[in-house]
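Trainee: Quick mapping for you: the protein sequence lines, in order, are chains F and E.
According to this note's numbering, the first sequence holds residues 1 to 328 in order.
According to this note's numbering, the second sequence holds residues 1001 to 1328 in order.
Please see the structure below; I have some questions.
There are 2 protein chains.
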Amino acid sequence: MATIKDVARYTGLSIATISKYLNGGNVLEDNRRRIGAAIEQLDYKVNHAARALKTNKTMTVGVLLPSLYTPFFALICADIEQFLKAHGYSMIVCSYHDDPAEEILKLRFLQGLNIDGIIVAPTGVTADELTALKTPIVLMDRSIPGLDSVVTDNIAAVHDAVEELIVHGHRRIGMIVGPLAVTTAFERKLGYERAFADYNLTVDENLIRVGGYDIASGYREMLELLNMDPPPTAVMASSHDITVGAIMAAYERKLKIPEDISFVGYDEEQITKVFDPPVTTVLQPMEEIAQSVTELLVRRMGGDDNGHPQLIRLKTTLVRHQSIGTIG
Amino acid sequence: MATIKDVARYTGLSIATISKYLNGGNVLEDNRRRIGAAIEQLDYKVNHAARALKTNKTMTVGVLLPSLYTPFFALICADIEQFLKAHGYSMIVCSYHDDPAEEILKLRFLQGLNIDGIIVAPTGVTADELTALKTPIVLMDRSIPGLDSVVTDNIAAVHDAVEELIVHGHRRIGMIVGPLAVTTAFERKLGYERAFADYNLTVDENLIRVGGYDIASGYREMLELLNMDPPPTAVMASSHDITVGAIMAAYERKLKIPEDISFVGYDEEQITKVFDPPVTTVLQPMEEIAQSVTELLVRRMGGDDNGHPQLIRLKTTLVRHQSIGTIG
DNA sequence: TTGTATGCGTTATCAA
DNA sequence: TTGATAACGCATACAA
């Protein structure tokens, strides 16, 4: 592999000049051309390890996700990669398989890699554990007090979806929610309750089913709801996987949406479109999340601690299809 | 950040001894304990950049996927991460959004990162372009002559699925296939033809619909098939996204599976389960693919060129559900 | 504008 | 078994 030294020898200039060229310093136009030609000729590539050793920056950030298999995170991950690349950073991705024990291990693993910053969608890790890493960190999707976070407005998201159901006449509205220890789940439940409060309706706690953020939970809790007497006239699923599981259960029971039951899904564009009619869905602004997270982290890695800890809350969209029937 | 020097100072030993300790050399038991304690105390972490500069190995491999949004690749990606980690490697993931122009750019980008090896699921890149990177490379999912590749037995996969349809009495079997320039698509088409040949049946070329590997193609070609007169009695989709698109089309036409039409999907466990009955599907051994790819690449990065170029072909599984009706 | 020289943290050689 | 030291490729302070 060619080094700066080789380029220097080839051009007759010093390595300092070559380095200056590489880092945008002042170099005579004539020399610029010669250096450019030499780099081309020798196929010179920067040695990032050497540069990192010198600058104490690896230009790499670690991204830790609960799961790569959830389209929400997979998509965000792809977007983050683009934005980071635009800032000159590479990305190391890990997932902790929704396992809090693996979560902290992976975080320490990432930190041991000498990366410049971390983006994580946390589950069980604490603020103390994160600050102990002594690495710039921005949380995503889920917030922890005292840390920079980029999240969506979960309360408004569910509030608006449930309101949509209420104005269509629904009163017995089932809600399948994730583990309340995760901020997103807690907030989404809150959104449900607020919508009911807004219309002076009382919440039947039996209609709020708390489970995991996985397909099995969505399936199980949906069946529980359908087994109620009377069953809800509408159900709101509050995550991608819950949506998939709930739809499985509905179809297994031969229920037609919205004729037999109204339904609102979450985070799902693909599967819901498979149905006719497609399912009304809460969509989170993935690209915007990715961009906000990246830019905040880049600022932090650049030493700008302005406004820390910052909580950025982005708006969701309710994509209306015909999965909501009118009652009364 | 504590360095070896700090550990040396703390223990009163030399940096050479600390380095030996870190790399498994001979160190007196008593000193081992003292060094271990010092490392703990000082929270010493290896500086990977310095080590990489010295050893000329970054212990990082690049993984380039057509898309992170396809569950098949997202899952494989998560598996590869595990296997690489077990070998001490980190992973940098990129996707090229199914765009051959971006594909080669991302490959060069990865190579410029001084990674030790590359895993790529190629679309348009040539053998020459890949060897020009002068980096150990193992292909995944799609093979290119002259390069190490880990693929599945696409011919047998489709052959067996189509055979299943044939023995159930189907003769007009639609097949939706990806771009034939991609080896997987070409081979899957071949599997279809071989199954017909095995039963001395002639292939109606109109029933083989060639399109992209995306949802839109699956949807469009499925509609084309359904518009035929007479339409096929069964359809085989040959990728995950094609499967999703085809199911969308079938549901839009209010067709029941298998009453109105028999169907075999590909690579899809989740969505197909949403339907009642679930859809018979060809499943590829993701974890096995990830493991084979990783281990072959690790061998290559270790300088073992034994048997290059190696073509590893793994068996798929036909997961039988009740989406195939019997005819005649 | 260009060049000289130093050091980043580590590994590895060689001598002790 | 341990230690002194050179070298990896680069960025940078400083001198020219």
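We put the CB at the ideal spot given by N, CA and C, even for glycine.
Quick check: Val1063(E) and Val1093(E), are their CB atoms within less than 9 Å of each other?
Mentor: Yes, Cβ-Cβ distance for Val1063(E) and Val1093(E) is below 9 Å.
Trainee: Going along the chain, which unbroken runs of the alpha helix (DSSP H) with 4 or more residues stay wholly within the segment 1002-1087 of chain E?
Mentor: Segments of the alpha helix (DSSP H) lying fully in the segment 1002-1087 of chain E: 1004-1011, 1015-1022, 1029-1042, 1048-1055 and 1071-1086.
Trainee: For my contact list, Val150(F) and Ser292(F) are in at a C-beta cut-off of 8 Å; report their separation, rounded to the angstrom.
Mentor: Yes, Val150(F) and Ser292(F) are in contact; Cβ-Cβ is about 5 Å, under 8 Å.
Trainee: Starting from the N-terminal side, write out each stretch of the beta strand (DSSP E) that is 3 residues or longer and does not extend beyond the segment 1227-1277 of chain E.
Mentor: 1234-1237 and 1262-1266, all fully within the segment 1227-1277 of chain E.
Trainee: Go ahead and label Ile327(F) buried or exposed: buried means 16 or more other beta carbons lie within 10 angstroms of its beta carbon, across all protein chains shown.
Mentor: It counts as exposed.
Trainee: Using a Cβ-Cβ cut-off of less than 7 Å, list which residues of the segment 1043-1072 of chain E approach chain F; keep chain order.
Mentor: Of all residues in the segment 1043-1072 of chain E, Lys1045, Asn1047, His1048, Ala1049, Ala1050, Ala1052, Leu1053, Thr1058, Leu1068, Tyr1069 and Pro1071 have a Cβ within less than 7 Å of some Cβ in chain F.
Trainee: Exposed or buried, what is Met1001(E) when buried is set at 16 or more other beta-carbons lying within 10 Å of its beta-carbon?
Mentor: That one is exposed.
Trainee: Give the interface partners of Asn1114(E) over in chain F, defined as CB-CB distance under 9 Å, in chain order.
Mentor: Within chain F, the residues near Asn1114(E) are Met1, Lys45, Val46, Asn47, His48 and Ala49.
Trainee: The segment 1091-1124 of chain E: which residues have C-beta closer than 7 Å to a C-beta of chain F, in chain order?
Mentor: Listed in sequence order: Met1091, Ile1092, Val1093, Cys1094, Ser1095, Gly1112, Leu1113 and Asn1114.
Trainee: For a test of the three-state rule: what should DSSP assign to Gly174(F), helix, strand or coil?
Mentor: Correct three-state label for Gly174(F): strand.
Trainee: Please classify Lys1256(E) as buried or exposed, where buried requires at least 16 other C-beta atoms within 10 Å of its C-beta.
Mentor: Label assigned to Lys1256(E): exposed.
Trainee: Please report the residue range of the alpha helix (DSSP H) in which Thr317(F) lies.
Mentor: Looking at the DSSP string, Thr317(F) is not in any alpha helix (DSSP H); the run it does join, the beta strand (DSSP E), is Thr317 to Val319.
Trainee: Distance check for Leu318(F) and Gly117(F), CA to CA, integer angstroms please.
Mentor: If I take the Cα positions, the gap works out to 33 Å.
Trainee: With a cut-off of 8 Å on the beta carbons, I'd call His1048(E) and Leu113(F) a contact; round off their distance for me.
Mentor: 6 Å between Cβ atoms; contact.
Trainee: Just to make sure I have the definition right: I need the residues of chain F whose C-beta is within less than 7 Å of the C-beta of Leu1075(E). Which are they?
Mentor: Here the neighbours are Tyr69.
Trainee: Which parts of the segment 1102-1156 of chain E are runs of the beta strand (DSSP E), unbroken and 3 residues or longer, counting only runs that do not cross its ends?
Mentor: As far as the segment 1102-1156 of chain E is concerned, its whole beta strand (DSSP E) runs of at least 3 residues are 1117-1120, 1137-1140 and 1149-1152.
Trainee: Going by DSSP in three states, Ser90(F) sits in which element: helix, strand or coil?
Mentor: Three-state DSSP puts Ser90(F) in a strand.
Trainee: Beta strand (DSSP E) containing Thr1281(E): first to last residue?
Mentor: Start and end: Thr1280 to Leu1283.
Trainee: Can you list the residues of chain F that Glu1129(E) reaches, using a CB-CB cut of under 8 Å?
Mentor: Simply none; closest approach about 14 Å.
Trainee: Taking C-beta to C-beta, are Asn154(F) and Arg108(F) nearer than 9 Å?
Mentor: Contact: no.
Trainee: Under three-state DSSP, which class holds Leu201(F)?
Mentor: Reduced to three states, the DSSP call for Leu201(F) is coil.
Trainee: Return the chain-ordered list of same chain residues with a C-beta closer than 6 Å to the C-beta of Glu1252(E), the five sequence neighbours on each side being excluded.
Mentor: Counting only Cβ-Cβ distances below 6 Å, and skipping sequence neighbours, we find nothing.
Trainee: Could you say which of Leu1297(E), Ile1015(E), Leu1130(E) and Glu1268(E) lies nearest to Ile1035(E) if we only look at CA atoms?
Mentor: If we check each option's Cα against that of Ile1035(E), Ile1015(E) comes out closest.
Trainee: Using the Cα positions of Asp1043(E) and Gly1302(E), report the straight-line distance between them to the nearest angstrom.
Mentor: Distance between the alpha carbons of Asp1043(E) and Gly1302(E): 31 Å.
Trainee: Return yes when the Cβ of Ile137(F) is within less than 9 Å of the Cβ of Val177(F), no when it is not.
Mentor: Their beta carbons are not under 9 Å apart, which means Val177(F) does not touch Ile137(F) by this criterion.
Trainee: Which residues of chain E have a Cβ atom closer than 8 Å to the Cβ of Glu224(F), listed in chain order?
Mentor: Those do not exist, as Glu224(F) stays about 18 Å from chain E at its closest Cβ, beyond 8 Å.
Trainee: Strictly below 7 Å CB to CB, what residues from chain F border Ala1078(E)?
Mentor: By Cβ distance, chain F contributes Leu68, Tyr69 and Ser95.
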